[in-house]
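Heads up: the structure comes next, in structure tokens.
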Amino acid sequence: MSVKSLTRLLSCEWCQMHLMSDVPAVIEILYVLHRSVLTRDCLATQLQCIECVGSIIDAAQLSMRICASRDISNGNLESADSLRKIPNVLFGGAEGGVDGQIINKDGVKTISYAVLELAVCAIFKQMPQINSAQLKTNSLAALHLRKVGRLPAESTHLVIKSMQILVQIPSLCSPQAKVTVLPVIMYLLIGFVRESARLDEGSIQTDRAGHLSAIAAAAIQSIRNIVSQPPDDETATSWKTIMRNAFYSVLNMSEDNDRIHLDKCIIMLAAVVFTTSAPVDIVLGHQESFNKLIVLLKRHLHSDNVGVLMKTLQSLTSIFGRKGFGGIFVKYLGKEIMPVVKQYTLKVDSENEKINESDLSILQECVKVIEVLALNAKDGKRIQVISLLVQLLVRLLRATSHTEWRKVGPIEKKLHEMAIGRLNAAASVWPTEFKKVIEWNHELKTRLESALLLQSTRHAHQISMAKTQDAKTTPVVQQPRIRLTMFGAENA
318 MSVKSLTRLL SCEWCQMHLM SDVPAVIEIL YVLHRSVLTR DCLATQLQCI
368 ECVGSIIDAA QLSMRICASR DISNGNLESA DSLRKIPNVL FGGAEGGVDG
418 QIINKDGVKT ISYAVLELAV CAIFKQMPQI NSAQLKTNSL AALHLRKVGR
468 LPAESTHLVI KSMQILVQIP SLCSPQAKVT VLPVIMYLLI GFVRESARLD
518 EGSIQTDRAG HLSAIAAAAI QSIRNIVSQP PDDETATSWK TIMRNAFYSV
568 LNMSEDNDRI HLDKCIIMLA AVVFTTSAPV DIVLGHQESF NKLIVLLKRH
618 LHSDNVGVLM KTLQSLTSIF GRKGFGGIFV KYLGKEIMPV VKQYTLKVDS
668 ENEKINESDL SILQECVKVI EVLALNAKDG KRIQVISLLV QLLVRLLRAT
718 SHTEWRKVGP IEKKLHEMAI GRLNAAASVW PTEFKKVIEW NHELKTRLES
768 ALLLQSTRHA HQISMAKTQD AKTTPVVQQP RIRLTMFGAE NA
């Protein structure tokens, strides 16, 4: 109850400010919460402690904002009312100072270090295997290994809350101290990705390649938040070194390993987050990492698993669309999508096979990738990509007459509508190139014109049917059968 009461008190800004006026008291509270997490096995109690830590971090960030907004030295004095409410001494952040040490020489700890200790304790109690070094040295640690897929919902929620607190710790530190704590945070986040990707041989559901658990999704999102915010001070070089090493560690997990079997699709998604969010020199600054990434993407692009292939195509769309270096990946991976396009278009044209919703989704993603290639292609090569796009879309048209339209199935109709929609979009984005492509190929032009004519007549028919339906549902006001003349009203 006392932890809940403290959490509720800290929802008030006045309480937050007055708590942050006494930093040693805050650290002592964090020690008490740490001991509670360490000694209590009740998940509800541990979760209450973690939520209280989140409220303390909110209070610290409020205190930092107040300190940053004070402008007394410039003569802009605060009002007397606000001065009475705000304590004179507040936590100002930037823990660690210039030397970046979050524990000073006398052993006195900071708020950020106390929070880090507590979050790590909560995580290791639920998932001891996150600390891979401990598993190697402690023979009993494997007995307590808890697979991510078998964690109860309360444990999963507790781990995600602890992860969210981890990501906020650098905001309390000085630039130099951020570089001190980031390796620990990235090590833990990559550990979450590794354990989420670990294949569970005893699971009933075996075909779950690429499935992101809640913990994996939270870890990947946390990685995105960190790598997308590079510093612009003297610590930038150290920060980039840390991120480059983290990126390399993620890619190393994609290598085959007899000791641990991982779902490589989840590793690929984590690597793609680095690729699409981190600064360019992190992704391209290490040739071996770049080569590993290309191999990883190629391998999954040729996967027989529809879900894995879908995620890979979506990843390529994001990578190709990134300004600055998307063209480098196009050089290595642009042609690799053509076997996929050929495989699924042959299935569409086959009379012996019927496409399903998964095939439709794959074709839609292929079209998106080619559209991104066209958007980012150089002027001299753009018309070639647009020609490929138009030819593919026209080939996906399933009907050019009403007779053919009545014969196609519901999924083929969806494919036809998608192709018509993307053709219209291509004509509006690249009108000159689109016109040239159509004029070069008479058969292409004829088929497209027939499909567009069918589309317009169907649209006109739908409008007329809608009007007819409205007319049927509109109530008709009938003339009254009783007339006033029956009662002699005409003489009135």
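Numbering (my numbering), first residue to last: 318 to 809. Here a beta-carbon is modelled for each residue, glycine too, at the ideal position from N, C-alpha and C.
Exercise. In whole angstroms, what separates the C-alpha of PRO547 from that of HIS335?
Worked result: As a working note, residue 547 is residue 230 in the sequence shown. As a working note, residue 335 is residue 18 in the sequence shown. Rounded to whole angstroms, PRO547 to HIS335 spans 33 Å at the Cα level.
Problem set entry | Simplified DSSP state of ILE374, which is helix, strand or coil | Translated into positions along the sequence shown, residue 374 becomes position 57. Reduced to three states, the DSSP call for ILE374 is helix.
Exercise. Does the separation of the CB atoms of LEU709 and VAL657 fall below 8 Å?
Worked result: Here residue 709 corresponds to residue number 392 of the sequence shown, with the count starting at 1. Here residue 657 corresponds to residue number 340 of the sequence shown, with the count starting at 1. Taking 8 Å as the Cβ cut-off, LEU709 and VAL657 do not qualify as a contacting pair.
Exercise. Does the Cβ-Cβ distance between CYS369 and LEU323 come in under 8 Å?
Worked result: Here residue 369 corresponds to residue number 52 of the sequence shown, with the count starting at 1. Here residue 323 corresponds to residue number 6 of the sequence shown, with the count starting at 1. Yes, the Cβ-Cβ distance between CYS369 and LEU323 is below 8 Å.
For this session: Identify whether ILE700 lies in helix, strand or coil by the three-state DSSP scheme.
Result: Locating residue 700 in the sequence shown gives position 383, counting from the first residue. Note: ILE700 maps to helix in three-state DSSP.
Problem set entry | Integer-rounded CB distance, given that ILE428 should sit under 8 Å from LEU499 | On the sequence shown, position 182 is the one that residue 499 refers to. On the sequence shown, position 111 is the one that residue 428 refers to. Here LEU499 is actually not in contact with ILE428; their C-beta atoms are around 17 Å apart, not less than 8 Å.
Exercise. Contact check, ILE507 vs SER566 under 8 Å by CB: the rounded distance?
Worked result: In the sequence shown, counting from the first residue as 1, residue 507 sits at position 190. In the sequence shown, counting from the first residue as 1, residue 566 sits at position 249. About 6 Å; that satisfies the 8 Å criterion.
Exercise. Can you tell me whether DSSP reads ARG576 as helix, strand or coil?
Worked result: Reading the sequence shown from its first residue, position 259 is the one you call residue 576. Here ARG576 sits in coil by DSSP.
For this session: State the DSSP-derived secondary structure class of ARG467, mapped to helix, strand or coil.
Result: In the sequence shown, residue 467 corresponds to position 150, counting from 1. Of the three classes helix, strand and coil, the one that applies to ARG467 here is helix, per DSSP.
Problem set entry | Candidates GLN681, GLU721, VAL725, THR720: closest to LEU740 by CA position | Counting from 1 along the sequence shown, the entry for residue 740 is found at position 423. Comparing Cα positions, the closest option is GLN681.
Exercise. Just reading off the alpha helix (DSSP H) that CYS329 is part of, what are its end residues?
Worked result: Reading the sequence shown from its first residue, position 12 is the one you call residue 329. Annotation for CYS329: no alpha helix (DSSP H) segment contains it, and DSSP assigns it neither H nor E.
For this session: Would you kindly work out how many angstroms separate the C-alpha atoms of LEU601 and SER353, rounded to a whole number?
Result: Mapped onto the sequence shown, residue 601 falls at position 284. Mapped onto the sequence shown, residue 353 falls at position 36. C-alpha separation (whole angstroms): 45 Å.
For this session: List the endpoints of the continuous alpha helix (DSSP H) containing ASP676.
Result: Within the sequence shown, the letter at position 359 stands for residue 676. That run of the alpha helix (DSSP H) goes 674-693.
For this session: Note down, in chain order, each residue of its chain lying with its Cβ closer than 6 Å to the Cβ of ASP550, except the 5 sequence neighbours on either side.
Result: Working through the sequence shown from its first residue, we reach residue 550 at position 233. Cβ neighbours of ASP550 beyond the five flanking positions: PRO492.
For this session: Please confirm whether PHE642 and VAL597 have their CB atoms less than 8 Å apart.
Result: Locating residue 642 in the sequence shown gives position 325, where the first residue counts as 1. Locating residue 597 in the sequence shown gives position 280, where the first residue counts as 1. A distance below 8 Å separates the beta carbons of PHE642 and VAL597.
Exercise. Looking only at its own chain, which residues have a Cβ that is under 7 Å from the Cβ of VAL623, when we skip the five neighbours before and after it?
Worked result: Counted from its first residue, the sequence shown places residue 623 at position 306. Same-chain partners within the cutoff: SER675, ILE679.
For this session: Look up ARG616 in the DSSP assignment and give the residues it is bridged to.
Result: On the sequence shown, residue 616 is found 299 positions in, with the first residue counted as 1. Per DSSP, none; premise fails for ARG616.
Exercise. Hey, LEU505 and LEU483 are a contact pair by Cβ (cut 8 Å); roughly how many whole angstroms apart?
Worked result: Mapped onto the sequence shown, residue 505 falls at position 188. Mapped onto the sequence shown, residue 483 falls at position 166. About 6 Å separates the Cβ atoms of LEU505 and LEU483, confirming a contact at the 8 Å cut-off.
Problem set entry | Whole-angstrom distance between LEU769 and THR720, CA atom to CA atom | For the purposes of this step, residue 720 is taken as the residue at position 403 of the sequence shown. For the purposes of this step, residue 769 is taken as the residue at position 452 of the sequence shown. Straight-line spacing of the CA atoms in THR720 and LEU769 works out to 15 Å.
Problem set entry | Sequence ranges, alpha helix (DSSP H) only - wholly within the segment 635-675, length at least 4 | Segments of the alpha helix (DSSP H) lying fully in the segment 635-675: 643-650, 655-666.
For this session: Just the C-alpha distance for ASN574 and TYR649, rounded to the nearest angstrom, thanks.
Result: On the sequence shown, residue 574 is found 257 positions in, with the first residue counted as 1. On the sequence shown, residue 649 is found 332 positions in, with the first residue counted as 1. C-alpha of ASN574 to C-alpha of TYR649: approximately 26 Å in a straight line.
For this session: Kindly indicate which residue of ILE374, ILE543, ARG357, ALA342 has the alpha-carbon position closest to the one of GLU330.
Result: The sequence position of residue 330 within the sequence shown is 13, counting from 1. Nearest option by C-alpha distance: ILE374.
Exercise. Nearest to ILE611 by CA position, among MET585, ILE599, MET627, is which residue?
Worked result: The count along the sequence shown starts at 1 and reaches residue 611 at position 294. Minimum Cα distance to ILE611 is reached at MET585.
Problem set entry | ASP580 beta carbon less than 8 Å from that of ALA514 | Along the sequence shown, read from residue 1 onward, the residue named residue 514 stands at position 197. Along the sequence shown, read from residue 1 onward, the residue named residue 580 stands at position 263. Yes, they are a contact pair.
For this session: Just the C-alpha distance for HIS619 and LEU626, rounded to the nearest angstrom, thanks.
Result: Start at 1 with the first residue of the sequence shown, and residue 619 comes out as number 302. Start at 1 with the first residue of the sequence shown, and residue 626 comes out as number 309. C-alpha separation (whole angstroms): 7 Å.
For this session: Classify SER667 as buried or exposed, calling it buried when 16 or more other Cβ atoms lie within 10 Å of its own Cβ.
Result: The residue given as residue 667 occupies position 350 in the sequence shown. The residue in question, SER667, is exposed, as its Cβ has fewer than 16 Cβ neighbours within 10 Å.
Problem set entry | Bridge-paired residues (DSSP) for LYS426 | Here the question's residue 426 lines up with position 109 in the sequence shown. The bridge partners DSSP lists for LYS426 are ILE420.
Problem set entry | For ALA563 and MET503, believed in contact at Cβ under 8 Å, the rounded distance | The count along the sequence shown starts at 1 and reaches residue 503 at position 186. The count along the sequence shown starts at 1 and reaches residue 563 at position 246. Contact between MET503 and ALA563 is confirmed by a C-beta separation of about 4 Å, below the 8 Å threshold.
Exercise. For PRO487, does the count of other Cβ atoms within 10 angstroms reach 16, so buried, or fall short, so exposed?
Worked result: Mapped onto the sequence shown, residue 487 falls at position 170. Buried.
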